[in-house]
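What follows is a single structure, written as structure tokens, with notes after it.
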Amino acid sequence: MEPSVSVKIPAEGIINLTPIERQLFDELLRVVEVTHCNTVLRVAGGWVRDKILGLHSDDIDIALDNMMGEDFANLIKQHIHQSSSIGKIKANSEASKHLETACVRIMGLELDIVNLRSEDYTEVSRIPSIRIGTPEEDAFRRDLTINSMFYNLHENVIEDYTRRGMQDLQNKIARTPLPHFQTFLDDPLRILRTVRFAARFNLEIDPEIEQSVRDDSIITALNTKVSRERISKEYTLMVRGKNPHLALEILHSYNLLPIIFKVPSPFESQHEAGYELARTLKQDQDDLNYYSYTTAMLTPYKNANHYKVERKKGHFIPLYEYVLLESLKFSNADTKIICNVLAWIDRTLEILENFDVIEAAYMIKENKEFCTMVIEIAAHIKAKSIDQDLVVEAVEKVHKQIHDNRLGEFWKEKPLLTGADAKKYFRVNGVEIGKLLEDVLKWQILNRNGSKEEVIEVLKLSYEFISD
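Numbering-wise, UniProt numbering puts 23 at position 23 of the sequence shown, and it's gapless, one number per residue.
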């Protein structure tokens with residue numbers, strides 16, 4: 001399809017400003033007028049896309065054509081009283097330091113202010129050297145045409161310098177402004193961003209993009225040019241965003257899952273098995289998607305005794321923990337949550353087979369609010385080997401038993417006795433204290449209305465009581 005010839009499109013009826021946006025833009029135009037700085041103010045990228053789609057957006061990036069972001073931010077500070085102090089987002093390279101982004105808060109809205117840019121890439125890095133550019137150069141450096149449009153505040157027009165942005169947004173197509181092979185080779189992160197936006201907005205990806213993504217040189221560039229932190233950030237945005245199942249489907253079809261869930265040598269990627277499980281999960285709340293899809297992808301490595309890797313000299317950890325920490329760069333807190341779930345899957349399969357109230361309570365205590373996710377993933381694994389109706393019946397039975405035994409929030413309950421209580425009432429120390437507290441917990445599980453006094457009486461049968 002040939003691109004449209006119109007660069008400027010009247011924004012009336014397409015971009016509907018909120019009252020606060022209208023007030024903000026009027027104030028910014030007033031700053032230009034009273035200071036005679038003669039800069040043209042444009043809102044760039046995602047805000048324009050979202051407004052055209054009728055979506056709310058707080059992501060306001062102001063692009064300037066003849067001055068630095070910090071300089072204009074200082075003018076704002078001088079002439080708009082409802083503005084905050086100025087912050088800066090540092091440039092990626094020393095050569096581009098003079099082009100840093102200025103951040104300022106006005107009327108409760110966060111603004112990033114920067115000049116229009118042009119980028120030059122080298123073969124060894126995805127971080128470009130940046131110079132001041134024209135609107136057209138700035139548009140063509142963007143990852144996708146739908147993200148390349150500007151809203152010109154002065155003229156109230158949408159500027160589509162690629163001449164494809166509006167058309168691709170209307171036709172729901174993900175396309176790169178520049179030839180896709182070179183743009184992905186320059187910055188391979190754009191591959192993952194393409195997947196994320198395609199999933200988020202349910203776009204059809206330009207068929208030629210897949211050919212580039214499968215090229216060995218592009219895969220090598222993605223592995224060598226992009227940090228694990230940036231890969232992790234894009235993955236996280238995918239599974240915490242809209243349509244995470246579609247994002248995983250695209251990642252799978254492009255064979256990108258082994259890159260995201262990278263395993264160290266000599267292990268081989270088990271992403272196919274992980275994906276087959278992940279694709280059966282239902283979409284839930286954003287945070288649960290993040291945990292459940294990631295857990296499913298790592299389930300093939302759940303046998304921690306078989307899949308171990310040396311993280312530090314002499315210190316071995318489960319392979320799934322290594323992937324979470326080193327490949328996905330997850331936080332320690334998120335890693336612990338997912339590791340707990342993975343560690344409990346096999347035991348939860350046993351719970352589904354033969355319900356054990358103590359084992360179920362321990363599972364709930366260890367996994368807290370994620371206990372339902374453990375059951376769901378275990379159920380999906382079980383569904384591979386037995387009839388689906390039997391699995392549904394087993395899951396319903398487990399949930400009923402948990403409800404009937406009032407264990408749903410067992411992880412919030414405090415133990416009837418503490419370590420200090422154990423030493424106060426019984427002649428125990430060291431290992432014995434741990435065993436006694438374990439007995440307390442088991443008794444508490446089986447006696448849901450039990451009291452501290454009652455459990456002490458029971459413990460007197462097994463431990464030496466300290467009489468008054």
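Backbone N, C-alpha and C fix where the C-beta goes; we use that ideal spot for every residue, glycine too.
It should be emphasised that the depicted structure is a prediction, and the values quoted were computed from it without experimental measurement.
How far does the beta strand (DSSP E) with Phe150 in it reach, from first residue to last?
For the purposes of this step, residue 150 is identified with residue 150 of the sequence shown, where counting begins at 1. Start and end: 150 to 152.
Check whether the Cβ atoms of Gly274 and Ala296 sit closer than 8 Å, and answer yes or no.
One-based indexing of the sequence shown puts residue 274 at position 274. One-based indexing of the sequence shown puts residue 296 at position 296. Closer than 8 Å, so yes.
Measure the beta-carbon distance from Arg196 to Leu237 and round it to whole angstroms, keeping in mind my assumption that it falls under 8 Å.
Taking the sequence shown and counting its residues from 1, the one referred to as residue 196 is at position 196. Taking the sequence shown and counting its residues from 1, the one referred to as residue 237 is at position 237. With 8 Å as the limit, Arg196 and Leu237 qualify as a contact, their Cβ atoms being about 6 Å apart.
Secondary structure of Ser212, DSSP reduced to three states
If you number the sequence shown from 1, residue 212 lands on position 212. Three-state DSSP puts Ser212 in a helix.
Among the candidates Ile62, Asp186, Arg240, whose CA atom is the shortest distance from the CA of Val226?
Within the sequence shown, numbered from 1, the residue matching residue 226 stands at position 226. Per the Cα distances, Asp186.
Do Trp443 and Val428 have their beta-carbon atoms positioned less than 8 Å apart in this structure?
On the sequence shown, residue 428 is found 428 positions in, with the first residue counted as 1. On the sequence shown, residue 443 is found 443 positions in, with the first residue counted as 1. It is not a contact, given that the beta carbons lie outside the stated cut-off.
So His252 and Ile209 are supposed to be a Cβ contact under 8 Å. How far apart are they, rounded?
The residue you call residue 252 lines up with position 252 of the sequence shown. The residue you call residue 209 lines up with position 209 of the sequence shown. That belief does not hold up - the Cβ atoms of His252 and Ile209 are roughly 15 Å apart, past 8 Å.
In chain order, each alpha helix (DSSP H) run of at least 4 residues that lies wholly inside the segment 278 to 315:
286 to 298
Of all the options Phe261, Val32, His271, Val431, which has the alpha carbon lying nearest to the alpha carbon of Asn74?
Counted from its first residue, the sequence shown places residue 74 at position 74. Nearest C-alpha to Asn74: Val32.
Which residues DSSP lists as bridging Arg42, in chain order:
In the sequence shown, the residue the question calls residue 42 occupies position 42. BP columns for Arg42 point to Ala63, Asn152.
Under the assumption that Gln82 contacts Ile106 (Cβ atoms under 8 Å), give the Cβ distance between them as a whole number of angstroms.
Within the sequence shown, numbered from 1, the residue matching residue 82 stands at position 82. Within the sequence shown, numbered from 1, the residue matching residue 106 stands at position 106. Right, their Cβ atoms sit about 6 Å apart.
So, does the CB of Lys51 fall closer than 8 Å to a CB anywhere in chain C?
Of the protein chains in this structure there is only one, and it is not chain C.
Phe201: which of Thr176, Lys302, Ile113, Arg49 sits nearest, CA to CA?
Counting from 1 along the sequence shown, the entry for residue 201 is found at position 201. Among Thr176, Lys302, Ile113, Arg49, the Cα nearest to that of Phe201 is on Arg49.
List the residues that DSSP assigns as beta-bridge partners of Ser83.
As a working note, residue 83 is residue 83 in the sequence shown. Paired residues: Ile106.
For Ser118, does the three-state DSSP call read helix, strand or coil?
Mapped onto the sequence shown, residue 118 falls at position 118. In this structure, Ser118 counts as strand in the three-state DSSP scheme.
Could you tell me whether the Cβ atoms of Ile146 and Ala11 are closer together than 8 Å?
In the sequence shown, counting from the first residue as 1, residue 146 sits at position 146. In the sequence shown, counting from the first residue as 1, residue 11 sits at position 11. No, the Cβ-Cβ distance between Ile146 and Ala11 is not below 8 Å.
Alpha-carbon spacing of Lys435 relative to Ile259, whole angstroms
Taking the first residue of the sequence shown as position 1, residue 435 is located at position 435. Taking the first residue of the sequence shown as position 1, residue 259 is located at position 259. One C-alpha to the other measures close to 45 Å.
Can you find the residues in the same chain that come closer than 6 Å, C-beta to C-beta, to Lys262, ignoring five residues on each side of it along the sequence?
For the purposes of this step, residue 262 is taken as residue 262 along the sequence shown, with counting starting at 1. For Lys262, where only same-chain residues beyond five positions count, the Cβ hits under 6 Å are Ser327.
Per DSSP, which residues does Asp112 bridge with? Please list them.
Translated into positions along the sequence shown, residue 112 becomes position 112. Answer is Asp61, Cys103, bridged to Asp112.
Do the segment 311 to 330 and the segment 392 to 409 make contact, defined as three or more Cβ pairs closer than 8 Å?
no
Fully enclosed by the segment 187 to 232, which alpha helix (DSSP H) runs are 4 residues long or longer?
189 to 200, 207 to 213, 216 to 225
Return the CA-CA distance between Glu369 and Ser462, expressed in angstroms with no decimal places.
By 1-based counting over the sequence shown, the position of residue 369 is 369. By 1-based counting over the sequence shown, the position of residue 462 is 462. Taking the straight line joining both Cα atoms gives about 34 Å.
Own chain partners of Asn243 with C-beta closer than 7 Å, once the 5 adjacent residues on each side are dropped
Within the sequence shown, the letter at position 243 stands for residue 243. The residues are Ala199, Arg200, Asn202.
Rounded to whole angstroms, what is the Cα-Cα separation between Ala174 and Val213?
Translated into positions along the sequence shown, residue 174 becomes position 174. Translated into positions along the sequence shown, residue 213 becomes position 213. C-alpha separation (whole angstroms): 14 Å.
Assigned secondary structure, Glu159 (DSSP; H/G/I helix, E/B strand, else coil):
Position 159 of the sequence shown holds residue 159. Glu159 falls in the strand class under three-state DSSP.
By how many angstroms is the C-alpha of Leu109 removed from the C-alpha of Cys37?
As a working mapping, residue 37 is identified with position 37 in the sequence shown. As a working mapping, residue 109 is identified with position 109 in the sequence shown. Taking the straight line joining both Cα atoms gives about 23 Å.
What residue does the beta strand (DSSP E) around Ile9 start on, and which one ends it?
Along the sequence shown, read from residue 1 onward, the residue named residue 9 stands at position 9. Element bounds for Ile9: 8 to 10.
Sort out for me which residues DSSP pairs Ile132 with in a bridge.
For the purposes of this step, residue 132 is taken as residue 132 along the sequence shown, with counting starting at 1. Arg117, per the DSSP bridge assignment.
Cβ pair Met373, Ser292 closer than 8 Å
Counting from 1 along the sequence shown, the entry for residue 373 is found at position 373. Counting from 1 along the sequence shown, the entry for residue 292 is found at position 292. Cβ distance < 8 Å, so Met373 and Ser292 count as in contact.
Restricting to Cα atoms, I'd like to know which of Lys282, Pro177, Leu144, Asp65 is closest to His380.
Locating residue 380 in the sequence shown gives position 380, counting from the first residue. Among Lys282, Pro177, Leu144, Asp65, the Cα nearest to that of His380 belongs to Lys282.
Which residues in the same chain as Met166 place their Cβ atom closer than 8 Å to its Cβ, once the five residues preceding and following it in sequence are excluded?
Here the question's residue 166 lines up with position 166 in the sequence shown. The answer, listed in chain order, is Ser4, Ile9, Ile52, Met149, Ile158, Asp160.
What ranges does the alpha helix (DSSP H) occupy inside the segment 404 to 450, keeping only unbroken runs of at least 4 residues that lie completely in it?
419 to 425, 431 to 446
Through-space distance from Lys336 to Val7, alpha-carbon basis:
Within the sequence shown, the letter at position 7 stands for residue 7. Within the sequence shown, the letter at position 336 stands for residue 336. Val7 and Lys336: Cα-Cα distance of roughly 51 Å.
Is the Cβ-Cβ distance between Val43 and Ile62 less than 8 Å?
Within the sequence shown, the letter at position 43 stands for residue 43. Within the sequence shown, the letter at position 62 stands for residue 62. Yes, these two residues count as a Cβ contact at 8 Å.
Considering Ala383, what are the terminal residues of the alpha helix (DSSP H) in which it resides?
As a position in the sequence shown, residue 383 is number 383, starting the count at 1. Looking at the DSSP string, Ala383 is not in any alpha helix (DSSP H), and its letter there is neither H nor E.
Using only the alpha-carbon positions, how far apart do Arg164 and Asp206 sit?
Taking the first residue of the sequence shown as 1, we reach residue 164 at position 164. Taking the first residue of the sequence shown as 1, we reach residue 206 at position 206. Spanning the two alpha carbons is a distance of roughly 13 Å.
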